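Undergrad:
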Amino acid sequence: MTDIAGKNALASLGGTGMYILADLGKMSLFLLQALRGLFRRPFRFRECVKQVHFIGAGSVLVIFFTALSTGMVLGLQGYYSLNKFGAEGMLGSAVSLTLIMELGPVLTALMVAGRAGSAMCAEIGIMRISDQIDALECMAVDPFRFFISPKFVAAIISVPLLTALFDVIGIAGGYISGVLLMGVNPGSFIEGMQQSVTNHDINLGIIKSFVFAVLVVWICTGRGYLVREIRGAGFGAESVSRVTTQAVVMASISVLIFDYLLTAIIL
Amino acid sequence: MSEPAVEFIGVSKSFVGRDGRRQVILDRVDFSIPPGQTTVIAGGSGQGKSVTLKLILRLLDADAGQILVGGVDITGIRGGRLEEVRTKFGVLFQGAALFDSMTVFDNVALPLRERTDKTEEQIRQQVLATLQTLDLSGHEEKFPAQLSGGMQKRVGLARALQLDPEIMLFDEPTTGLDPVMTREIYELFARTQRKLGYTAIIVSHDIPAVFSLADQVIILHDGKMDAFASPDELQWSTKPHIKDFVRTTMGELYQSQLVE
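Those sequence lines, one after another, are chains C and A.
Numbering follows my numbering, in which position 4 of the first sequence is assigned residue number -5; successive positions increment by one, without gaps.
Numbering follows my numbering, in which position 91 of the second sequence is assigned residue number 904; successive positions increment by one, without gaps.
What follows is the structure in structure tokens.
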């Protein structure tokens, strides 16, 4: 009996392994098709603008509040920690470096995944289960060029800009709590920031934001596109809701993993 | 005899189910669909009607065999050549598959905007003319969700007809419609086909209603198919599974006609 149970366990492990490999393959193929769609003509400029508005402009308020509260908390926390060593002059440097290299890119990507990524995944998932994507293919219209690749363009444009906005608002938040509320010297806050932040740090932040943009848009649109082929997703409306949740979780975890990898490689 | 519009030669298709078992949907199936006529593909649920349609459109790949569309084997082609073959088709999907974030007008105009060089004014005129013939005037600015099921089907038909398809595919065109609407939709099919002369392939389980349109009938059963030159021939078939099928799907209507 145990022998059979063991074999079954092995078989199911093998089955799961094969499924994950196949799934990775499909996602890679999806990415290639989306990248190819970027170069197919006619380019859908208006759709790109619409998506930049949705992913970018639509996320400004969320990014504003997230950045402001993060920056203000950093300012307070930093003040109390640095105050113990009489080093509150380092506050500007600590806040800006933390934001530019880590929190700005990561939190922006997480916010975009939660707000725009989930919407993109659900939209494409519904288009898939209601045959709208098949309908496009039957009209000989490439669905990638038509509406998936423009989302990639929009994310690659919007996420780095949102990250820059996050950094600026966050630093302003740190200034508000550190300088205006706790009384750190404004000159030393600005001076510390200017002296410690190098081009290398800014480049790291920018590279991260590009990579995260691709990760979020790839995973969220890809899971929606493959909604019918995902194991355990179920059918119909339920499958879209499950896959959307799964996409946001996967995108967020990938962002965190890649954050560590990129920091380790580039720093 | 002229070349068949669509021809299946030894086509097989199977799926691995969620329980890991392989399920054979089509087992070395051969059939041909004559041009300019109406062919009805019927069969119980799960017998591969929709799969057959998706194979014709190359939305699915066959495991084996050849599928010829206008003499061209579509099983191996990709990219531009596949798009070229697909422009021959117009498809009315089961749920109409309208783009729900676009208005009726934009839905119908989409194939023209994407696949032709027509100006926006020419597109406008053509779309409005089609909408008028399908009794949809005045609904251009509505969204699909604001339309009834029957109207959605008509918009789907309008969209499918924009590029003058040689072959129209209808996937369960009357699912979810009441009997009056069903008859209207079929009359509409007959009218547009007479006018445009396309080859029609209708996948349906709505047997008695659809048979008034059919020139040829194909019944799918356990991975095999039986072709009949007319609905009458099907009705008189002596094969046990066909007799069974006739009795269960057409029931009283046909039996009463037989008694007469």
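Just so it is clear, CB atoms sit at the ideal spot from N, CA and C, and this is done for glycine as well.
Treat the numbers as computed from the prediction; the structure is a model and nothing was measured.
1) Note down the Cα distance separating Ile91 (chain C) from Glu229 (chain C), rounded to an integer number of angstroms.
2) Does the stretch 924 to 932 of chain A come within contact of the stretch 146 to 163 of chain C, defined as at least 3 CB pairs closer than 8 Å?
3) Output needed for Thr1077 (chain A): all residues of its chain with C-beta closer than 7 Å, excluding positions within five of it in sequence on either side, in chain order.
4) When DSSP labels each residue in this structure, what does Val885 (chain A) get in the three-state scheme?
5) I need the straight-line Cα distance from Ser961 (chain A) to Leu970 (chain A), nearest angstrom please.
6) What are the residues in the stretch 111 to 135 of chain C lying within 7 Å of chain A by C-beta distance?
7) Kindly indicate if chain C contains any beta-carbon less than 7 Å away from that of Leu768 (chain A).
8) Would you say Gln1068 (chain A) lies against chain C (beta-carbon separation less than 7 Å)?
9) Return the first residue and the last residue of the alpha helix (DSSP H) that Met63 (chain C) is part of.
10) Might you give, ordered along the chain, the residues of its own chain that have their beta carbon closer than 6 Å to the beta carbon of Ala104 (chain C), omitting 5 neighbours on each side?
11) From the DSSP secondary-structure annotation, give me the bridge partner or partners of Gly903 (chain A).
12) Listed in chain order, which residues of the stretch 946 to 960 of chain A have Cβ atoms closer than 9 Å to some Cβ of chain C?
13) Comparing alpha-carbon positions, which option in C:Gly95, C:Glu79, C:Cys112 and C:Leu52 lies nearest Glu182 (chain C)?
14) Out of A:Leu990, A:Ala958, A:Thr1005 and A:Thr988, which one is the CA nearest neighbour of Gln945 (chain A)?
15) If I measure Cβ to Cβ from Gly1094 (chain A) and keep anything under 7 Å in the same chain, skipping five residues before and after, which residues do I get?
16) Compare the beta carbon distance of Ala131 (chain C) and Phe203 (chain C) with 7 Å and say whether it is the shorter of the two.
17) Please check if any C-beta of chain C sits within less than 7 Å of the C-beta of Thr900 (chain A).
18) Taking Val1023 (chain A) as the query, report the chain C residues whose CB atoms sit under 9 Å from its CB, ordered along the chain.
19) Say whether chain C places a C-beta atom closer than 7 Å to the C-beta of Val1072 (chain A).
20) Bridge partners for Ser845 (chain A) per DSSP, in chain order?
21) Would you call the CB atoms of Met981 (chain A) and Gly903 (chain A) closer than 7 Å?
22) Count the C-beta pairs between the stretch 933 to 948 of chain A and the stretch 33 to 51 of chain C that are closer than 8 Å, then say yes if the count reaches three, no if not.
23) Quick check on Leu1 (chain C) - is its C-beta less than 7 Å from some C-beta in chain A?
24) Decide if the stretch 189 to 200 of chain C is in contact with the stretch 1 to 8 of chain C; the criterion is three or more beta carbon pairs, one per stretch, under 8 Å apart.
25) Helix or strand or just coil, what does DSSP make of Gln860 (chain A)?
26) Between C:Gly47, C:Ile248, C:Val150 and C:Cys112, which has its C-alpha nearest Arg214 (chain C)'s C-alpha?
27) What is the DSSP secondary structure of Gly47 (chain C), reduced to helix, strand or coil?
28) Provide the residue span of the beta strand (DSSP E) that contains Leu1033 (chain A), from first to last.
29) Between which two residues does the alpha helix (DSSP H) harbouring Phe912 (chain A) extend?
30) Check distances from the C-beta atoms of the stretch 1010 to 1044 of chain A to those of chain C and list, in chain order, the residues that come in under 9 Å.
31) Measuring straight from C-alpha to C-alpha, what distance separates Met915 (chain A) and Pro957 (chain A)?
32) Taking the alpha helix (DSSP H) that Lys199 (chain C) belongs to, which residues open and close that run?
33) For a test of the three-state rule: what should DSSP assign to Phe27 (chain C), helix, strand or coil?
34) Over the uninterrupted alpha helix (DSSP H) stretch that includes Met994 (chain A), give me the two end residues.
35) Any beta-carbon of chain A closer than 7 Å to the one on Lys(-2) (chain C)?
TA: Short version:
1) Residue mapping note: residue 91 (chain C) aligns to position 100 of the first sequence, counting from 1. Residue mapping note: residue 229 (chain C) aligns to position 238 of the first sequence, counting from 1. The straight-line gap from Cα to Cα measures roughly 39 Å.
2) The answer is no - the stretch 146 to 163 of chain C does not touch the stretch 924 to 932 of chain A, with fewer than three Cβ pairs under 8 Å.
3) Not covered by the structure: residue 1077 (chain A). The range shown for chain A is 814 to 1073.
4) As a first step, residue 885 (chain A) must be located in the second sequence, where it is residue number 72. Val885 (chain A) falls in the strand class under three-state DSSP.
5) The sequence position of residue 961 (chain A) within the second sequence is 148, counting from 1. The sequence position of residue 970 (chain A) within the second sequence is 157, counting from 1. Rounded to the nearest whole angstrom, the CA to CA distance from Ser961 (chain A) to Leu970 (chain A) is 14 Å.
6) Among the residues of the stretch 111 to 135 of chain C, those with a Cβ less than 7 Å away from any Cβ of chain A are Ser121, Asp122, Gln123, Asp125, Ala126, Glu128, Cys129, Met130, Ala131 and Val132, in the order of the chain.
7) Because chain A is modelled from 814 through 1073, residue 768 (chain A) falls outside the range shown and cannot be assessed.
8) For this step, residue 1068 (chain A) is matched to residue 255 along the second sequence. Note on Gln1068 (chain A): pLDDT 47, under 50, position unreliable in the model; no value is reported.
9) The sequence position of residue 63 (chain C) within the first sequence is 72, counting from 1. Its alpha helix (DSSP H) spans residues Val51 to Lys75.
10) Counted from its first residue, the first sequence places residue 104 (chain C) at position 113. Counting only Cβ-Cβ distances below 6 Å, and skipping sequence neighbours, we find Val207, Val239, Ala242 and Ser243.
11) By 1-based counting over the second sequence, the position of residue 903 (chain A) is 90. The beta-bridge partner set that DSSP reports for Gly903 (chain A) consists of A:Met981.
12) Taking 9 Å as the Cβ-Cβ cut-off, the stretch 946 to 960 of chain A has no residue approaching chain C.
13) By one-based count along the first sequence, residue 182 (chain C) stands at place 191. Considering only C:Gly95, C:Glu79, C:Cys112 and C:Leu52, the residue with the shortest C-alpha distance to Glu182 (chain C) is C:Glu79.
14) The sequence position of residue 945 (chain A) within the second sequence is 132, counting from 1. Closest by alpha carbon: A:Thr1005.
15) This structure leaves residue 1094 (chain A) out entirely; chain A is present only between 814 and 1073.
16) Here residue 131 (chain C) is taken as the residue at index 140 of the first sequence, counted from 1. Here residue 203 (chain C) is taken as the residue at index 212 of the first sequence, counted from 1. Not a contact, by the Cβ cut-off of 7 Å.
17) Against the second sequence, residue 900 (chain A) aligns to sequence position 87. At least one beta carbon of chain C lies nearer than 7 Å to the beta carbon of Thr900 (chain A).
18) Mapped onto the second sequence, residue 1023 (chain A) falls at position 210. Those do not exist, as Val1023 (chain A) stays about 20 Å from chain C at its closest Cβ, beyond 9 Å.
19) Here residue 1072 (chain A) refers to the residue found at position 259 when the second sequence is read from its first residue. Because the pLDDT of Val1072 (chain A) is 44, which lies under 50, any placement of that residue in the model is unreliable, and the question is left without a value.
20) The sequence position of residue 845 (chain A) within the second sequence is 32, counting from 1. Its beta-bridge partners are A:Glu820.
21) Locating residue 981 (chain A) in the second sequence gives position 168, counting from the first residue. Locating residue 903 (chain A) in the second sequence gives position 90, counting from the first residue. Yes, these two residues count as a Cβ contact at 7 Å.
22) In short, these stretches do not touch, since the Cβ pair count stays below three.
23) Start at 1 with the first residue of the first sequence, and residue 1 (chain C) comes out as number 10. Answer no: the Cβ-Cβ gap between Leu1 (chain C) and chain A never drops below 7 Å.
24) Fewer than three pairs of CB atoms, one per stretch, sit closer than 8 Å, so the stretch 189 to 200 of chain C makes no contact with the stretch 1 to 8 of chain C.
25) Position 47 of the second sequence, counted from the first residue, corresponds to residue 860 (chain A). DSSP places Gln860 (chain A) in coil when its eight states are reduced to three.
26) Here residue 214 (chain C) refers to the residue found at position 223 of the first sequence. Out of C:Gly47, C:Ile248, C:Val150 and C:Cys112, C:Cys112 has the C-alpha closest to the C-alpha of Arg214 (chain C).
27) On the first sequence, position 56 is the one that residue 47 (chain C) refers to. Looking at Gly47 (chain C) - three-state DSSP - the assignment turns out to be coil, as it is neither helix nor strand.
28) Against the second sequence, residue 1033 (chain A) aligns to sequence position 220. Looking at the DSSP string, the run of the beta strand (DSSP E) that includes Leu1033 (chain A) is Gln1029 to His1034.
29) Counting from 1 along the second sequence, the entry for residue 912 (chain A) is found at position 99. For Phe912 (chain A), there is no enclosing alpha helix (DSSP H), as DSSP marks it with neither H nor E.
30) Listed in sequence order: no entries.
31) The residue labelled residue 915 (chain A) in the question sits at position 102 within the second sequence. The residue labelled residue 957 (chain A) in the question sits at position 144 within the second sequence. Rounded to whole angstroms, Met915 (chain A) to Pro957 (chain A) spans 8 Å at the Cα level.
32) Numbered from its first residue, the first sequence carries residue 199 (chain C) at position 208. For Lys199 (chain C), the uninterrupted alpha helix (DSSP H) segment begins and ends at Asn190 to Tyr216.
33) If you number the first sequence from 1, residue 27 (chain C) lands on position 36. Per the sequence shown, the amino acid found at residue 27 (chain C) is Arg instead of Phe. It is helical.
34) In the second sequence, residue 994 (chain A) corresponds to position 181, counting from 1. Start and end: Pro992 to Leu1009.
35) Counting from one through the first sequence, the residue named residue -2 (chain C) turns up at place 7. Chain A contact via Cβ: absent.
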